[in-house]
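The structure appears right after this line, and notes come after that.
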Amino acid sequence: METTIFSILDEEKAGHGAIGAVGYHLDQAGFHDSLLHDFEYLIMVVHHGLEEKEQRIEHGMSGDSSYQLLHVGTREIERGILTGDQRDSVKYFLHGEIIWDIEGKLTNFRSYINEFGESMKERRKLKEFAKFLKVYGEAKRYTAEQDLLDAYYCVLQALKHYARLELIEQGILPESSVWEQVRPLNSVVYKLFDELTENSETLEQRIQLVLLACEFTLASKMADCCELLLRILGSRKEAWSIQELVQNPELEHVRDELPLLLRKLVARSLAQEITKAHKEGAGERRELRYRA
Numbered sequence: 085m086e087t088t089i090f091s092i093l094d095e096e097k098a099g100h101g102a103i104g105a106v107g108y109h110l111d112q113a114g115f116h117d118s119l120l121h122d123f124e125y126l127i128m129v130v131h132h133g134l135e136e137k138e139q140r141i142e143h144g145m146s147g148d149s150s151y152q153l154l155h156v157g158t159r160e161i162e163r164g165i166l167t168g169d170q171r172d173s174v175k176y177f178l179h180g181e182i183i184w185d186i187e188g189k190l191t192n193f194r195s196y197i198n199e200f201g202e203s204m205k206e207r208r209k210l211k212e213f214a215k216f217l218k219v220y221g222e223a224k225r226y227t228a229e230q231d232l233l234d235a236y237y238c239v240l241q242a243l244k245h246y247a248r249l250e251l252i253e254q255g256i257l258p259e260s261s262v263w264e265q266v267r268p269l270n271s272v273v274y275k276l277f278d279e280l281t282e283n284s285e286t287l288e289q290r291i292q293l294v295l296l297a298c299e300f301t302l303a304s305k306m307a308d309c310c311e312l313l314l315r316i317l318g319s320r321k322e323a324w325s326i327q328e329l330v331q332n333p334e335l336e337h338v339r340d341e342l343p344l345l346l347r348k349l350v351a352r353s354l355a356q357e358i359t360k361a362h363k364e365g366a367g368e369r370r371e372l373r374y375r376a
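The sequence shown: position 170 = 254 (the working numbering), numbered continuously.
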């Protein structure tokens, strides 16, 4: 990275909690994605304790070079790993050039992310399974309605989540180019991808074939992929309300998908559904609760 870009922001100007900065240069022949746009450089200043609302962005020029500068928090980067969102940010953080590093803190944090430890894998696996479950259900609905193009799109998305699950099971952190990562594994999901995109059968036949495979995957992987949620459900004698689960810090990254996950776990007899009565005036309300 050019000296002029190195000097855009030093440690003293970086602000409270900064642990280092990462820079990424886009080759002129490269593809301008959602973070680099038509900038030549992306610079990420990484902070401990930076809240999402405190994140800042700057566009500027250094000599003849244009750059985008982002202040991001370590928690936001880790959240991107757990949810599979913000894949561009994660890619640049992991593969960019370290410009400066305070006492090795940035290097240590990047090593922690790259190691993709068991706790991180377990949480990411639950998230990918939840996404897989959601789009699989949408694909079935669209197929039943004979809306085959939307069904095809949803089946393709389901396969991408399935592919990420296979990578996670291999201890590989999924990145943007998921099919390139999965191809060398000679996996079932890549063969299904070929069946969906290259098979000579009708579109509806291809969709139905992949849906059958997805149904088998749901049945076989549900207990393993939902291990974190099942462990929490079994962690106390009293059954959990949905509100208690939504507020659990370990499940923050799957908050939106929790109702769907719980109902499927009950349907598969992996979790129990019980009722708790509450008196309300002259009547009674029965609350649904869950336990493993």
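Quick reminder that beta carbons are idealized off the backbone N, C-alpha and C, glycines included.
- When DSSP states are grouped into helix, strand and coil, His155 belongs to the strand group.
- C-alpha of Asn283 to C-alpha of Ala242: approximately 18 Å in a straight line.
- Taking 4 residues as the shortest admissible run, the segment 300–353 contains the following complete alpha helix (DSSP H) segments, listed from N- to C-terminal end: 311–317, 326–330 and 342–351.
- Beta-bridge pairing by DSSP links Val106 to Met128 and Ile182.
- For Glu142, the uninterrupted beta strand (DSSP E) segment begins and ends at Arg140 to Ser146.
- Excluding five sequence positions before and after Thr227, the CB atoms of its chain that fall closer than 8 Å to its own CB belong to Ala235, Glu288, Ile291, Gln292 and Leu295, given in chain order.
- With contact defined as three or more Cβ pairs closer than 8 Å, the segment 201–213 and the segment 310–319 are in contact.
- Assignment of Ser150 by DSSP, reduced to helix, strand and coil, places it in the strand class.
- Straight across, the Cα-Cα distance linking Ala361 with Glu328 is about 17 Å.
- Gly104 counts as buried, since no fewer than 16 other beta carbons sit within 10 angstroms of its beta carbon.
- Sequence-distant partners of Leu280 (beyond 5 residues in either direction) whose C-beta falls short of 6 Å from its own C-beta, in its chain, are Arg290 and Val294.
- Boundaries for Arg267: no alpha helix (DSSP H) harbours it, and the DSSP string shows neither H nor E there.
- Under the three-pair Cβ rule at 8 Å, the segment 172–187 counts as touching the segment 121–130.
- The residue among Ala214, Ser261 and Gln356 with its C-alpha nearest the C-alpha of Lys321 is Gln356.
- Taking 7 Å as the cut-off, the beta carbon of Ser146 is found no closer than this to the beta carbon of Glu124.
- When Cβ pairs closer than 8 Å are counted between the two stretches, the segment 263–275 is seen to touch the segment 246–255, the count reaching three or more.
- Leu302 places its beta carbon 7 Å or farther from that of Ala376.
- Distances from the CA of Asn198 to each of Tyr220, Leu354, Lys215 and Ile161 were compared; the closest alpha carbon is that of Ile161.
- In the three-state DSSP reduction, Thr286 falls in the coil class, being neither helix nor strand.
- Per DSSP, the continuous alpha helix (DSSP H) segment holding Gln241 begins and ends at Leu232 to Glu253.
- Distances from the CA of Asp169 to each of Ser203, Lys215, Leu232 and Asn192 were compared; the closest alpha carbon is that of Lys215.
- DSSP places Leu190 inside the alpha helix (DSSP H), whose first and last residues are Lys189 to Glu199.
- The continuous alpha helix (DSSP H) containing Lys209 extends over residues Glu202 to Ala228.
- In the displayed model, Ile358 falls within a strand according to three-state DSSP.
- Short of 6 Å from the beta carbon of Glu222, and not among the five residues preceding or following it, lie these beta carbons of its own chain, in chain order: Cys238.
- In this structure, the CA atom of Tyr274 is about 34 Å from the CA atom of Val106.
- CA-CA distance, Ser325 to Thr359, rounds to 10 Å.
- Within the DSSP secondary-structure output, Tyr374 pairs in a beta bridge with Trp324 and Glu357.
- In the structure shown, Ile256 falls within a coil segment according to DSSP collapsed to helix, strand and coil.
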